[in-house]
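Visitor: Numbers 1 to 241, taken from UniProt numbering, label the letters of the sequence shown in order. For glycine and all other residues, C-beta sits at the position ideal for the given N, C-alpha and C. The structure follows.
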Amino acid sequence: MNKIKISAVSYTNTKPFIYGIEHSALLDQIDLSLDIPTDCAAKLIDGQVDIGLIPVAAIPHVPNANIVADYCIGSVGAVNSVFIFSKVPVAEIKTVRLDSHSRTSNNLAKVLLKFHFKQAVSYVTDEPIDADAIVLIGDRTFGRRDDFPFAYDMGEEWMNFTGLPFVYAAWVANKAIPQGFINDFNQALAFGLSKRKELLLDLPKLDNFDLEDYLLHKLDFELTDKKREALALFLSYIAKL
């Protein structure tokens, strides 16, 4: 049998998933690569992998996209790793530098600024650009909140805007995956999530960031009906940008 190729994100928020996969019988059935979110999406879109933990904004671009797991990277309110960091209050933001690592968070920033904050903003991608604000995600945000006069947690702002949780990344396939594999995959992910406290012992201690709060409380990994509702709403807003 050909191995199932899987691309996953290499951030702290995915370490429980990776742990579960690497401590399961699935390891003999897969080829696992660790990438930044945009590369996960590109590999899945191009057919280089069969399953990817991809930014949800990329789902419409994946051929035959189907979500294959009961788990995701999500939050119910503030997530503490997906930010618009700004030099000025949001009502004064005119230029935003996007994050090259992320498709979802860039789109979420655009949705929030246009529909929630009602701001007309121009976006840049090049560095260095002296923009009013930047989008920054993942481990690179840890401890950075105090580096900026204003920090807008996009999970929190989405909740303020819609009353819903948010899904940043989901396990998506570009073809039919055997149900037996999906069942085993879900079991592996669940096992990894059950080991978060043990995983914390192996992570470097950070003086200016609470990793325990982040992994156990800020992140919410179950792909609930409310998160699916939020995902559909988010994709509908992207289509209106």
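Quick one: give me the first and last residue of the beta strand (DSSP E) that K110 is part of.
Guide: In the sequence shown, the residue the question calls residue 110 occupies position 110. Careful: K110 lies outside any beta strand (DSSP E), inside the alpha helix (DSSP H) at 104 to 111.
Visitor: Are the Cβ atoms of C72 and A169 separated by less than 9 Å?
Guide: Counted from its first residue, the sequence shown places residue 72 at position 72. Counted from its first residue, the sequence shown places residue 169 at position 169. Yes, these two residues count as a Cβ contact at 9 Å.
Visitor: Could you give the distance in angstroms between the alpha-carbon of A91 and the alpha-carbon of L219?
Guide: Taking the sequence shown and counting its residues from 1, one reaches residue 91 at position 91. Taking the sequence shown and counting its residues from 1, one reaches residue 219 at position 219. Each residue's Cα considered, the two are about 28 Å apart.
Visitor: Identify, in the order they occur along the chain, each residue of the same chain with its Cβ nearer than 7 Å to the Cβ of L206, setting aside the five sequence neighbours on each side.
Guide: As a first step, residue 206 must be located in the sequence shown, where it is residue number 206. Excluding residues within five positions, the ones whose Cβ falls inside 7 Å are F142, G143.
Visitor: Considering only the alpha carbon of each residue, which of L231, W171, G155, F209 lies closest to L53?
Guide: Reading the sequence shown from its first residue, position 53 is the one you call residue 53. The option with the nearest alpha carbon to L53 is W171.
Visitor: For a quick check, are the C-beta atoms of S75 and D35 less than 9 Å apart?
Guide: Position 75 of the sequence shown, counted from the first residue, corresponds to residue 75. Position 35 of the sequence shown, counted from the first residue, corresponds to residue 35. Their beta carbons are not under 9 Å apart, which means S75 does not touch D35 by this criterion.
Visitor: For V56 and L201, what's the separation of their Cα atoms in angstroms?
Guide: Translated into the one-based positions of the sequence shown, residue 56 becomes position 56. Translated into the one-based positions of the sequence shown, residue 201 becomes position 201. Cα to Cα, V56 sits roughly 30 Å from L201.
Visitor: Does DSSP put residue 246 in a helix, in a strand, or in coil?
Guide: Look at the range of the chain in this structure, 1 to 241, and you will see that residue 246 is not part of it.
Visitor: Using 9 Å as the threshold, is the C-beta distance between I84 and A151 below it?
Guide: The residue you call residue 84 lines up with position 84 of the sequence shown. The residue you call residue 151 lines up with position 151 of the sequence shown. It is a contact, given that the beta carbons lie within the stated cut-off.
Visitor: Relative to the alpha-carbon of residue 248, which residue among N13, K5, A8 has its alpha-carbon at the smallest distance?
Guide: In the structure as shown, the chain begins at 1 and stops at 241. Residue 248 is therefore absent and cannot be evaluated.
Visitor: If you reduce the DSSP assignment to three classes, tell me which class F161 lands in.
Guide: Working through the sequence shown from its first residue, we reach residue 161 at position 161. It is helical.
Visitor: So which of N2, K15, K5 has the shortest CA-CA distance to G138?
Guide: In the sequence shown, counting from the first residue as 1, residue 138 sits at position 138. G138 has its Cα closest to that of K15, out of N2, K15, K5.
Visitor: Cα separation between V135 and S194?
Guide: Mapped onto the sequence shown, residue 135 falls at position 135. Mapped onto the sequence shown, residue 194 falls at position 194. Roughly 31 Å between the two C-alpha positions.
Visitor: Cβ of V82 within 9 Å of Cβ of L108?
Guide: Taking the first residue of the sequence shown as 1, we reach residue 82 at position 82. Taking the first residue of the sequence shown as 1, we reach residue 108 at position 108. A contact, by the Cβ cut-off of 9 Å.
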